[in-house]
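Numbering (the working numbering), first residue to last: 32 to 356.
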């Protein structure tokens, strides 16, 4: 103790994810040891060592049980409710952020935000204008109507952070599944006054809601935002080609139409998988000369599925997996 640092192969982002995982495990075990150690006026070295070891064992056992439940329930989503009280008890130790500043500080501490541009965008666009129920700064997905959700802050920030290197000032971004308009507004602050962000959704009521929300947050952003009703699978070729494409719903496979709308050197981040269950976050990069396309699987995630308007409004294809975001 402390644990030795390990050399991690792979991209900087993969390294960060591994480091973050190790940091969370270390922090949890340390906390467990601290809370289980007896407090007496007389120090007893032997008892302290035993209590510390027991605390570490309890922490490791809790994580092991959570993993076992998660893997056991992948084929039986109905039983995944067993995870909720267990994971809530682990998460409850971290206080909920109550402002944009607290939320951004939390996302930076957890390495979901690495870019100053992304952090500044999240500070400029107050999330409270885009969520009507509950704490808008809570790190969890929230319903916005029409069987749609606004993504949990940590995953939305991570996707934006992955796209940031490919978004120049004055650039063009496509936000597929713009929903409440929050990520669209954040991208609009990043591209600057001479850039353009196209947000598309196939629910016309959500398009109008997004316009109102962005106007409340910063009406000047609407001069660089275009919101259109469109099919997410087809994208919006009229506004392309794009430096970056952000997709906030899971497709069963990478839509070729979206790949075709990327500029040379452009990047798309999209969850891929079947409508129900878990998905893989995939980063799609087009080479600088436009001759090659590379797809990199990053991590497991859970998103609402990309559906037709009728399927979404029907609600029968909604993701039934319940986890703590």
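Positions of the beta carbon are idealized from the N, C-alpha and C atoms, including for glycine.
Length of the line joining the Cα atoms of residue i and residue j
| i | j | result |
| --- | --- | --- |
| residue 166 | residue 321 | 43 Å |
| residue 132 | residue 325 | 36 Å |
| residue 51 | residue 172 | At residue 51 the pLDDT is 40, less than 50, meaning the model places this residue with poor confidence; the figure from the coordinates comes in the next sentence. One C-alpha to the other measures close to 21 Å. |
| residue 239 | residue 254 | 15 Å |
| residue 271 | residue 203 | 8 Å |
| residue 305 | residue 282 | 7 Å |
| residue 128 | residue 137 | 8 Å |
| residue 288 | residue 126 | 42 Å |
| residue 252 | residue 153 | 14 Å |
| residue 300 | residue 246 | 27 Å |
| residue 164 | residue 176 | 11 Å |
| residue 330 | residue 269 | 31 Å |
| residue 116 | residue 186 | For residue 116, the pLDDT reaches just 45, beneath the cut-off of 50, and the residue's location in the model is therefore unreliable, leaving the point undetermined. |
| residue 337 | residue 130 | 31 Å |
| residue 328 | residue 212 | 26 Å |
| residue 233 | residue 259 | 8 Å |
| residue 323 | residue 284 | 18 Å |
| residue 191 | residue 296 | 17 Å |
| residue 141 | residue 241 | 28 Å |
| residue 237 | residue 210 | 6 Å |
Element boundaries [alpha helix (DSSP H), containing residue i]
| i | result |
| --- | --- |
| residue 259 | Unbroken run through residue 259 is the beta strand (DSSP E), 256–260; no alpha helix (DSSP H). |
| residue 240 | 235–249 |
| residue 184 | 184–194 |
| residue 139 | 131–140 |
| residue 150 | 147–155 |
7 Å Cβ shell around residue i - same chain, five flanking residues per side excluded
| i | result |
| --- | --- |
| residue 139 | 150 |
| residue 159 | 167 |
| residue 180 | 172, 173, 174 and 335 |
| residue 183 | 170, 171, 172 and 356 |
| residue 226 | 200, 201, 202, 203 and 255 |
| residue 228 | 204, 206, 215, 218, 219, 222, 255 and 256 |
| residue 235 | 260 |
| residue 248 | 156, 157, 160 and 216 |
Contact under 7 Å by Cβ, residue i with residue j
| i | j | result |
| --- | --- | --- |
| residue 273 | residue 293 | yes |
| residue 256 | residue 224 | no |
| residue 143 | residue 193 | no |
| residue 231 | residue 200 | no |
| residue 280 | residue 197 | no |
| residue 156 | residue 216 | yes |
Opening and closing residue of the beta strand (DSSP E) in which residue i lies
| i | result |
| --- | --- |
| residue 299 | 293–303 |
| residue 180 | 179–181 |
| residue 315 | 310–317 |
| residue 219 | Careful: residue 219 lies outside any beta strand (DSSP E), inside the alpha helix (DSSP H) at 213–222. |
| residue 231 | 227–232 |
| residue 176 | 173–176 |
| residue 274 | 273–278 |
| residue 331 | 324–332 |
| residue 203 | 203–207 |
Neighbour-count burial assignment, residue i, 16 or more Cβ in a 10 Å radius
| i | result |
| --- | --- |
| residue 318 | exposed |
| residue 243 | exposed |
| residue 307 | exposed |
| residue 214 | buried |
| residue 250 | exposed |
Close-in-space but distant-in-sequence residues of the same chain around residue i (CB under 6 Å, 5 per side omitted)
| i | result |
| --- | --- |
| residue 286 | 264 |
| residue 332 | 302, 310 and 312 |
| residue 195 | 146, 148 and 149 |
| residue 162 | 173 |
| residue 316 | 298 and 325 |
8 Å CB neighbourhood of residue i in its chain, flanking five on each side removed
| i | result |
| --- | --- |
| residue 278 | 207, 208, 263, 289, 299, 300, 301, 302 and 337 |
| residue 134 | 128, 153, 158, 168, 170 and 184 |
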